[in-house]
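Beneath this line is the structure, given in structure tokens, with notes to follow.
In my numbering, the protein residues as written are 470 to 716.
Below, the structure is given as structure tokens:
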């Protein structure tokens with residue numbers, strides 16, 4: 470069992486977050502998809518295909534997060550104070566600006582991109598896109614408790630990429646700030662405290678800090694670093710798959 474002091478746990482989390490950010494910059498940020506998006510040269514067809522795959526991903530990852538309370542109930546009952554930060558994210562995802570939450574913003578930005586709600590939510594995912602939700606679902610269903618929580622450290626990096634999306638859509642693709650609000654809202658939600666709630670990335674780190682102090686058991690092949698950095702590769706794979714399918 471790995472059991473750390475508070476300072477040791479903070480150091481490990483910071484180290485893994487830094488490795489994830491570095492991998493994200495080398496993979497996601499360096500894709501032809503993101504390069505062309507930032508320059509306003511990415512085909513609208515490619516943007517639409519990505520958004521349809523991302524739209525299918527969103528309900529899955531949100532449902533995985535809610536299932537964490539059931540799967541990890543023993544941990545939250547033992548650490549009742551963490552129910553507050555956990556619930557803050559649930560309220561944000563499903564209650565802001567009003568129920569059913571962020572999915573309304575997802576559909577709204579999709580409409581501005583020329584997509585129906587059905588296209589955003591029900592389009593079958595490309596294999597390259599399916600890998601990300603399946604990875605996170607597998608860690609939740611089959612893994613040790615910390616594997617899932619390490620695997621969502623990428624929310625902060627995604628939040629920064631959302632700012633690139635917002636700037637590109639409003640600068641090069643004719644969307645208003647309101648129409649592109651899915652990305653501006655997620656830049657805010659994932660990277661900074663907002664609405665008197667913790668940033669999503671901070672929620673994850675708070676849970677991990679407690680887990681590491683109380684002790685974790687690692688499975689062979691599923692180290693903390695592997696769980697933390699792999700989503701960067703899978704996000705890049707989704708972008709590459711959408712780019713390849715439309716070129």
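Just so it is clear, CB atoms sit at the ideal spot from N, CA and C, and this is done for glycine as well. The structure presented is a predicted model; accordingly, all values stated were derived computationally and were not measured.
- For residue 567, there is no enclosing alpha helix (DSSP H), as DSSP marks it with neither H nor E.
- The beta carbons of residue 585 and residue 577 sit no closer together than 9 Å.
- In the three-state reduction of the DSSP assignment, residue 471 falls in the strand class.
- Sorting 686, 616, 692 and 519 by C-alpha distance to the C-alpha of residue 582 places 519 at the top.
- The beta-carbon separation of residue 527 and residue 708, rounded to 16 Å, does not stay under the 8 Å limit for a contact.
- Of the candidates 477, 473 and 495, 495 places its Cα closest to the Cα of residue 702.
- In the displayed model, residue 685 falls within a strand according to three-state DSSP.
- In the structure shown, residue 676 adopts helical secondary structure according to DSSP, grouped into three states.
- Burial check for residue 492: the Cβ neighbour count within 10 Å reaches 16 or more, so the residue is buried.
- In this structure, the alpha-carbon of residue 510 lies about 49 Å from that of residue 549.
- Shown here, residue 621 sits in coil according to DSSP, grouped into three states, outside any helix or strand.
- C-alpha of residue 696 to C-alpha of residue 637: approximately 30 Å in a straight line.
- Residue 471 places its beta carbon 9 Å or farther from that of residue 619.
- About 12 Å separates the Cβ atoms of residue 673 and residue 628, ruling out a contact at the 8 Å cut-off.
- Where residue 496 is concerned, there is no enclosing alpha helix (DSSP H), because DSSP gives it neither an H nor an E.
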